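Undergrad: Here it is: the structure, laid out below.
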Amino acid sequence: MTELLKRAWRTLRELSGDDAYERYLAHRRAMHAANSPLTRAEFYRAEQERKWDGVKRCC
Amino acid sequence: MASERKRLPGPVAFAIWAAVVVLGATALGGIALHRGESVNAMWFILAAVCVYTVGYRFYSAFLAARVLALDATRATPAERFNDGRDFVPTNRWVVFGHHFAAIAGPGPLIGPTLAAQFGYLPGTLWILFGAVLGGCVQDFVALFCSIRRDGRSLGQMARDELGALGGAVALIGVLAIMIILIAVLGLVVVNAMRHSPWATSTVAATIPIAILVGLVMRYLRPGRVLEGTALGVTLLLLAVFGGSWIDAHPAIRGWFDFDGPTLALFVILYGFAAAVLPVWLLLAPRDYLSTFMKIGTIVALALAIVVLNPAVKMPALTQFVDGTGPIFGGKVFPFVFITIACGAISGFHSLISSGTTPKLLANERDARFIGYGAMAVESFVAIMAMVAACVLDPGVYFAINSPAGVVGAQAADAVATISAWGFPVTAAQMQELAREMGEATLFARTGGAPSLAVGMASIFSRAFGDTLLAVWYHFAIMFEALFILTTVDAGTRVARFMLQDMIGNAVPAMGRTSWYPSVLICSALVVAGWGYFLYFGVIDPLGGINSLWPLFGIANQMLAAIALCVATTILVKSRKATFAWVTALPLAWLVVVTSSAAWQKLFSSDLKLGFLAHADDLAAQLAAGTLSGAAAAQAPRLIFNDRLDAALTLFFLITVWVLVFETARVCHAALTGKRCPPITESPHVPSRLVEDWVRD
């Protein structure tokens with residue numbers, strides 16, 4: 006039961022983009038990037054501008 | 103993984119699917135042949151669920167296996183270009199959620215509500231079969247084509263596969279549809295807020311709430327989406343209750359009591375502000391709130407309809423199938439297919455299917471679940487909107503949705519006209535309903551939002567008691583306005599980018615999307631474009647919806663035709679010409695529907711239908727001097743608008759046919775081995791993500 010709730014919580018975070026920063030860090034680690042990663046606030050700022058740069062919502 | 107799942111033995115599976123088919127056919131037959139007092143909403147839900155599951159299980163499987171030949175071992179753009187930002191292999195359920203949130207807007211709620219003037223049957227059948235054979239196929243195939251082309255957009259694919267002309271036509275078409283769409287959605291919000299301090303104050307409160315959430319998510323709790331959303335949703339619910347207090351306060355209510363033209367100016371100013379402000383301040387937080395409210399309310403409405411299964415009181419067919427309907431002019435063919443675009447087939451979806459979504463799919467095989475499946479769910483939303491419109495007494499439905507210019511501005515005239523049509527309603531009944539909903543009046547509240555809100559409120563209140571009717575009504579209005587305004591913001595922004603891009607070809611400085619003078623000028627141009635249609639829609643004596651909604655429907659179906667043209671060309675070029683009918687048949691249907699609707703809007707002599715006939719009639723009246731005062735002053739403007747609408751309709755008509763001829767030319771060239779743009783599919787790269795795939 007707790008496992009199920011944890012999974013639901015993880016899915017909710019992923020769906021809403023709440024864990025975007027954690028996923029970004031994981032991606033950086035996997036790619037062995039040389040320069041240091043953005044902070045949470047910097048990452049959020051960069052993402053917001055980029056995300057709305059196209060057709061995102063429909064009628 | 104599907105391959106690991108245990109399959110049912112053949113005969114059992116056969117028996118189950120046979121039962122689903124029989125159940126679906128029974129439910130459909132039931133609602134189609136029923137003639138009587140009322141029919142239970144449960145039959146609609148049953149018929150819809152069976153049609154979607156059969157369509158998904160069999161038709162989409164056929165498309166996936168035989169027509170498109172989805173290849174689970176082929177690396178998707180997300181895998182090949184994985185950059186952790188745009189291209190990210192993502193869990194299929196999460197992609198489904200994003201895709202559904204992106205495609206589901208106010209369209210499937212409004213279209214069916216308006217189309218209910220023909221009775222519940224034409225709209226319901228079109229929603230079900232249009233989706234399963236048209237809309238879902240379009241979304242699925244567009245998604246597939248984009249995945250096989252590195253996640254390219256519809257405009258780029260049109261240019262690559264059909265040539266420069268096809269690409270240019272697609273681009274201008276998208277811009278035009280955006281302008282009309284935003285204008286008509288703005289009109290829906292204005293009509294919901296007209297002289298309603300409760301609705302206006304609640305909708306106005308969504309702006310500071312979104313800004314507060316934006317500030318919190320930027321400075322206090324960066325990137326904590328769920329915390330910010332929880333805060334915002336709580337405040338939104340408080341705003342709905344707060345509106346009741348404002349409405350009751352004799353002085354403060356005056357601050358929020360506006361007529362239509364004033365509200366239209368507010369929406370125009372708001373649209374401009376939202377387009378030039380940074381996204382983190384208003385657009386992004388508003389979108390988090392509206393997505394959350396949208397999905398929450400849709401789930402709640404589905405549960406309420408299933409648990410309470412209210413009675414549908416609208417007849418299967420009304421006499422208005424002959425084209426004399428009060429809400430919009432035109433016969434059931436072709437206008438039911440124009441009025442309901444989203445929910446059956448919506449061209450706009452092809453922009454999403456070739457936008458963000460193809461960059462997220464971890465496995466090509468998921469395209470079926472996401473492309474076909476998400477559209478089936480959106481179509482289900484349209485069915486629920488149809489049910490919510492049809493649980494109202496038909497007399498009440500027509501009293502709310504008929505413009506004053508058709509049934510008369512006085513309550514006594516309106517109820518007399520509507521009762522004479524055979525839909526009994528009394529002024530006292532409407533007065534009592536308006537009082538229950540906390541509104542001054544519900545007559546002539548066109549646009550679909552108020553009648554949907556009354557329908558939703560009456561469904562919800564059956565579960566939670568009558569005392570909260572007015573709160574439910576304003577909750578529903580707030581929920582619709584919230585995501586309509588999100589579409590207004592996001593649409594204005596996208597249209598601005600496109601305009602900057604186009605002007606940038608001539609004046610390079612204007613193409614820099616962050617150069618502030620360019621941002622201001624292009625935003626102002628876009629807002630002026632839709633603001634013009636919005637403002638004159640509001641002062642139109644026939645209600646504006648009557649002329650703007652069909653224009654929007656034609657534009658949206660035209661975009662679907664563009665997507666299907668591209669898809670058909672790609673199928674023919676990939677040596678799948680024998681299967682090209684899966685997109686060519688819906689395409690042919692859309693061309694027939696849009697052409698005949700556009701033709702009638704242009705040349706019909708019926709004043710409620712033909713733009714030019716209406717303009718000529720007004721001009722004749724003006725010349726004869728039979729118009730007086732305000733009507734005479736407005737007439738030249740209305741005549742100009744009619745001709746402008748006619749020009750736009752003609753433009754859409756020509757666009758569709760240019761593209762159809764281009765498609766036919768390119769397909770013919772491909773089949774006969776003549777010169778044509780080569781197919782642009784990206785090469786096969788084996789996937790490394792597929793674990794159950796055995797390498798030799």
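Top to bottom, those sequences are chains A and B. For the first sequence, our numbering assigns the number 6 to the initial residue and increments by one for each residue that follows. For the second sequence, our numbering assigns the number 103 to the initial residue and increments by one for each residue that follows. Just so it is clear, CB atoms sit at the ideal spot from N, CA and C, and this is done for glycine as well. Owing to the predicted nature of the structure, the values given are computational and were not obtained by experimental measurement.
1) Classify Arg176 of chain B as helix, strand or coil using the three-state DSSP reduction.
2) Which residues, taken in chain order from the segment 19-39 of chain A, show a beta carbon closer than 8 Å to some beta carbon of chain B?
3) Taking CB distances under 8 Å as the criterion, tell me whether Pro643 of chain B reaches chain A.
4) DSSP three-state label for Ala546 of chain B, please.
5) Answer yes or no: does any C-beta atom of chain B fall closer than 8 Å to that of Glu54 of chain A?
6) Less than 8 Å between the C-beta atoms of Thr295 of chain B and Leu365 of chain B, yes or no?
7) Quick check: Ala516 of chain B and Ala536 of chain B, are their CB atoms within less than 8 Å of each other?
8) Give a yes or no on contact between the segment 708-719 of chain B and the segment 416-433 of chain B, applying the rule of three or more CB pairs nearer than 8 Å.
9) What are the residues of the segment 440-451 of chain B that lie near chain A, defined by any Cβ-Cβ distance shorter than 9 Å?
10) For my contact list, Ala592 of chain B and Lys61 of chain A are in at a C-beta cut-off of 8 Å; report their separation, rounded to the angstrom.
11) Taking only three categories from DSSP, how would you classify Val414 of chain B?
12) Got a sec: which bits of the segment 371-386 of chain B sit with their beta carbon under 7 Å from any beta carbon on chain A, in order along the chain?
13) By Cβ distance, which residues of its chain are closer than 7 Å to Arg137 of chain B, with the 5 residues on each side in sequence left out?
14) What residues in the segment 458-484 of chain B bring their beta carbon closer than 8 Å to a beta carbon of chain A?
15) What are the partner residues of Leu463 of chain B, as DSSP defines its beta bridges?
16) Spatial neighbours of Ala406 of chain B within its chain, please: CB distance less than 7 Å, with the 5 preceding and 5 following residues excluded, ordered by chain position.
17) Is the beta carbon of Leu761 of chain B sitting closer than 8 Å to the one on Gly268 of chain B?
18) Using beta-carbon positions only, say whether Trp300 of chain B and His576 of chain B come within less than 8 Å of one another.
19) So, does the CB of Thr728 of chain B fall closer than 8 Å to a CB anywhere in chain A?
20) Look at the Cβ atom of Thr155 of chain B, then the Cβ atom of Val122 of chain B, and state whether they are nearer than 8 Å.
21) Are the C-beta atoms of Ile520 of chain B and some chain A residue less than 8 Å apart?
22) List, in order along the chain, the chain A residues whose C-beta lies closer than 7 Å to that of Ile454 of chain B?
23) Where does Asn184 of chain B sit, in a helix, a strand or coil, going by DSSP?
24) Could you compute how far the alpha carbon of Gln533 of chain B sits from the alpha carbon of Val527 of chain B?
25) Taking the CB atoms as reference points, tell me whether Gly606 of chain B and Phe242 of chain B lie closer together than 8 Å.
26) Output needed for Phe394 of chain B: all residues of its chain with C-beta closer than 7 Å, excluding positions within five of it in sequence on either side, in chain order.
27) Do you know whose CA, among B:Ala129, B:Gly257, B:Leu650, B:Gly237, lies nearest Ala443 of chain B's CA?
28) On the CB-based measure, 16 or more other CB atoms within 10 Å of its CB, does Ile586 of chain B come out buried or exposed?
29) Near Arg797 of chain B, which residues of its chain fall below 6 Å by C-beta distance, leaving aside the five closest residues on each side in sequence?
30) Helix, strand or coil for Pro788 of chain B per DSSP?
31) Ignoring anything shorter than 4 residues or poking outside the segment 352-385 of chain B, list the alpha helix (DSSP H) runs there in chain order.
32) Of all Cβ atoms in chain A, is any one closer than 8 Å to the Cβ of Asn293 of chain B?
33) Under 7 Å Cβ-Cβ, which residues of chain B neighbour Arg12 of chain A?
34) When you compare only the Cα positions, how much space is there between Leu463 of chain B and Arg15 of chain A?
35) So what does DSSP say about Val596 of chain B, is it helix, strand or coil?
36) Between the segment 194-209 of chain B and chain A, which residues of the former have a C-beta closer than 7 Å to a C-beta of the latter?
TA: Working from what's here:
1) strand
2) Glu19, Leu20, Ser21, Gly22, Asp23, Ala25, Tyr26, Arg28, Tyr29, His32, Arg33, Met36
3) no
4) DSSP places Ala546 of chain B in coil when its eight states are reduced to three.
5) Answer yes: the Cβ-Cβ gap between Glu54 of chain A and chain B drops below 8 Å somewhere.
6) Per the sequence presented here, residue 295 of chain B reads as Met, with Thr not at that position. In contact: Met295 of chain B and Leu365 of chain B (Cβ atoms closer than 8 Å).
7) Contact flag unset, no.
8) yes
9) Ala443, Cys444, Ser448, Phe450, His451
10) 6 Å
11) strand
12) Val381, Trp382, Leu385, Ala386
13) These residues qualify, in order along the chain: Ala418.
14) Thr458
15) When beta bridges are read from the DSSP output, Leu463 of chain B appears opposite B:Thr192.
16) Ile561, Phe562, Ala565
17) yes
18) yes
19) no
20) yes
21) no
22) Val60, Cys63
23) coil
24) 11 Å
25) no
26) These residues qualify, in order along the chain: Thr331, Val335.
27) B:Gly237
28) buried
29) Confidence in Arg797 of chain B is poor, its pLDDT being 46 and thus under 50, which makes the residue's placement too unreliable to answer from.
30) Residue state, collapsed to three classes: strand.
31) 362-378
32) no
33) Per Cβ cutoff of 7 Å: no residues; Arg12 of chain A is ~11 Å from chain B at best.
34) 19 Å
35) helix
36) Trp195, Val196, Gly199, Ala204, Ile205, Gly207, Pro208, Gly209
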